[in-house]
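In the numbering used here, the protein residues as written are 1087 to 1860.
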């Protein structure tokens, strides 16, 4: 299937720019111009109001509502009530009128429109000239940012300059809790308290069912108090209306400082929350716009100095990878271990703001090599929700801890049993993430406490979910769905079985090491979890006798009977049939050998060093032609393995839309929010793919190559406190590190340090265009 770019935004290495406004791209642009700081995020909607197609989205991490309980679900083990990230306070709310004509880009006459999101400071700026029906021209500039250092602090600045008239401009600024979630006709908020002192106003909002609270407080600078009239008669709204008289050429500047304080704990009294918000807001006002913006610039300057990827010779992917890294830092940087990464981040409402197992498999590596504390906090989220995972295991007639397929609060939110009840990937992904983090850090404080407790409970769940064959007397998993979601109720799924086997082995190994090195802590684990010698022996036996459908050549059957399935030539499927979920009968997806996303190949990506080159090649050449890539993580995994197998054309083909999945709207659904997994996978594609990084073996390894389309590129990673820089040109690699660190480079051991060392790229790792003529 060919995916075609819809290139709308200007290509620039350090920003996304929109020149001229096209209503047909309005929703896409709202997603692309989203800004966030993990704590909260807003889409790039027009704060002055827009009557055209739009999604006014203002979201706060961990602030959610419940769906109505579905009483039609009568079977045990199926979740009857889901939850979703709820649209919250519109702290940017603005309305502008001249001569009773309201500014609305859906109907107003505007000229010289431009919008810019700058990666170097996180500021979104929009400007245009509004020409009213009576011919008056008003230069309008809107700027906004959310602080990356003071999570609750948000900033808005509006400047208005009459170009050819003198007269009155009417401006309304407020805090609006009367927002709507998607197509809902009702608001999920009630305002329990408000105050308005003209240039300063505040409101306390509370969700209707889950009782999550946000206290929002704003101060308006730049407008005279005497020109303001408090608005007191609107439901779920607090704000002030200003009538300001301006001369031609005079610039009116409104600066709005907003503090949004979230409280998820019902034990905290409203009065305490109100007071905390007052204190935080006073500090924000004391700092002011200029100092806050200076700190914002410092944050991003430090981020790019430590983590930037530079590409010479490919402007589109240079912009694309910086946009992806910018969004990853905005989406999550470890500000709060109670947060996780939703499938759309804080940029839209598709997937309900829920986190999936992609967090541990695709997003975590970015943080492991860029922000190790953030990586640890992602694991701490899973520890915080361990009680809910244990409840879920019991709900599905198992023991231990079964992590949900989708969640915000730790409870399963998916009612589709074929996903929620048969996919074991969330639990094995958490176990893999614990191993991956521990493997790279040796953080025994975590591993010997929270880590081992989760591993024991996951192993307990897996053993109770699996069973022994009455014929072969081997252990396996029955009635499961692997990563390939086009196969349901499968037996002996290779990915599931292998991941479970490694989970058993690592749990046993870690606990055994604890008994030898820290016996007191090991005993605490036994006391807390009740793990017994009999259980450990059972897990060992299960891992030793695990069904794995691999032959002596290294070929792996995805699941029992997969080779016997009817074949579908995916290249013959009409483009008009995509996405298949929308055009094919649901059960039709399950009746053939078409693969949604990598299954066996995903396993060979995660445990890369445990498979031979021959095995990876055989499986790639068999499964890749059957894969339809209906998941945003799929192309990058294929690109990474293709590069390793020196299938350079395949690697670049799959990479082509990795960094620009959303910028160029390849899937035609960017309007619903950004693809966080794809954004994380773009970084993986460069660092693990072209950079050849492998982090699952006994030693960190690098085997860089360079696409023939590039002149050179560089990336930076942090490993065991060493800041490593890798610069790749067509024939060599330049390596340096802030301190001595041992690596393998092209399978040869090296110690790199502050003195740059140049290594020739072996001929087999060079793309044909970069191999010198003989």
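Virtual Cβ for every residue (Gly too), placed ideally from N, Cα, C. Computed from a predicted structure; not experimentally measured.
Query	Result
Would you identify the three-state DSSP class for residue 1148, choosing helix, strand or coil?	coil
Alpha carbon to alpha carbon, how far is residue 1590 from residue 1625?	6 Å
May I have the straight-line CA-CA distance separating residue 1696 from residue 1401, to the nearest angstrom?	37 Å
Taking all protein chains shown into account, do 16 or more other C-beta atoms lie within 10 angstroms of the C-beta of residue 1222, making it buried, or fewer, making it exposed?	buried
Counting pairs of beta carbons, one from the segment 1348-1357 and one from the segment 1225-1232, are three or more of them closer than 8 Å?	no
Counting Cβ pairs closer than 8 Å, one from the segment 1381-1400 and one from the segment 1790-1802, do we hit at least three?	yes
Looking at residue 1496 and residue 1479, is the spacing between their C-beta atoms short of 9 Å?	no
State the Cα-Cα distance for the pair residue 1243 and residue 1301, rounded to the nearest angstrom.	21 Å
Taking Cβ positions, are residue 1334 and residue 1250 nearer each other than 9 Å?	yes
By DSSP, does residue 1142 sit in helix, in strand, or in coil?	coil
Does DSSP classify residue 1227 as helix, strand or coil?	strand
Buried or exposed for residue 1110, please, with buried defined as at least 16 other CB atoms from any protein chain shown within 10 angstroms of its CB.	exposed
Count the other CB atoms within 10 Å of the CB of residue 1645; is the residue buried (16 or more) or exposed (fewer)?	buried
Roughly how many whole angstroms lie between the Cα atoms of residue 1173 and residue 1265?	6 Å
Compute the distance between the beta-carbons of residue 1343 and residue 1330, then report whether it is under 9 Å.	no
If you check the beta carbons only, do residue 1821 and residue 1813 fall under 9 Å apart?	yes
To the nearest angstrom, report how far apart residue 1426 and residue 1515 are at their CA atoms.	14 Å
On a CA-only basis, which of 1317, 1312 and 1267 is nearest residue 1289? Give me that one, please.	1317
Distance, Cα to Cα, residue 1726 vs residue 1168?	35 Å
So what does DSSP say about residue 1180, is it helix, strand or coil?	strand
Check for me: the beta strand (DSSP E) holding residue 1324 runs from which residue to which?	1323-1332
DSSP on residue 1065, reduced to helix/strand/coil?	Because the chain is modelled from 1087 through 1860, residue 1065 falls outside the range shown and cannot be assessed.
Is residue 1346 helix, strand or coil by DSSP?	strand
From this set, 1194, 1763, 1742 and 1214, which residue's C-alpha is nearest residue 1201's C-alpha?	1214
Hey, would you say residue 1853 sits closer than 9 Å to residue 1794, going by beta carbons?	yes
Within 9 Å (strictly less), CB to CB, does residue 1410 reach chain C?	Chain labels in this structure do not include chain C; a single protein chain is all it has.
Does DSSP classify residue 1482 as helix, strand or coil?	coil
So who's on the other strand from residue 1835, going by DSSP bridges?	1830
Are the CB atoms of residue 1714 and residue 1682 nearer to each other than 9 Å?	yes
Is the segment 1433-1451 touching the segment 1509-1523 in the sense that three or more CB pairs, one from each, lie closer than 8 Å?	yes
On the three-state DSSP scale, how would you describe residue 1714?	coil
Comparing alpha-carbon positions, which option in 1434, 1585 and 1526 lies nearest residue 1147?	1434
Taking 8 Å as the threshold, find out whether the segment 1650-1657 comes into contact with the segment 1603-1615 through three or more Cβ pairs.	no
Tell me the rounded alpha-carbon separation between residue 1576 and residue 1197.	58 Å
Could you tell me the distance, in whole angstroms, from the CA atom of residue 1345 to the CA atom of residue 1312?	24 Å
For residue 1170, which beta-bridge partners are listed by DSSP?	1151
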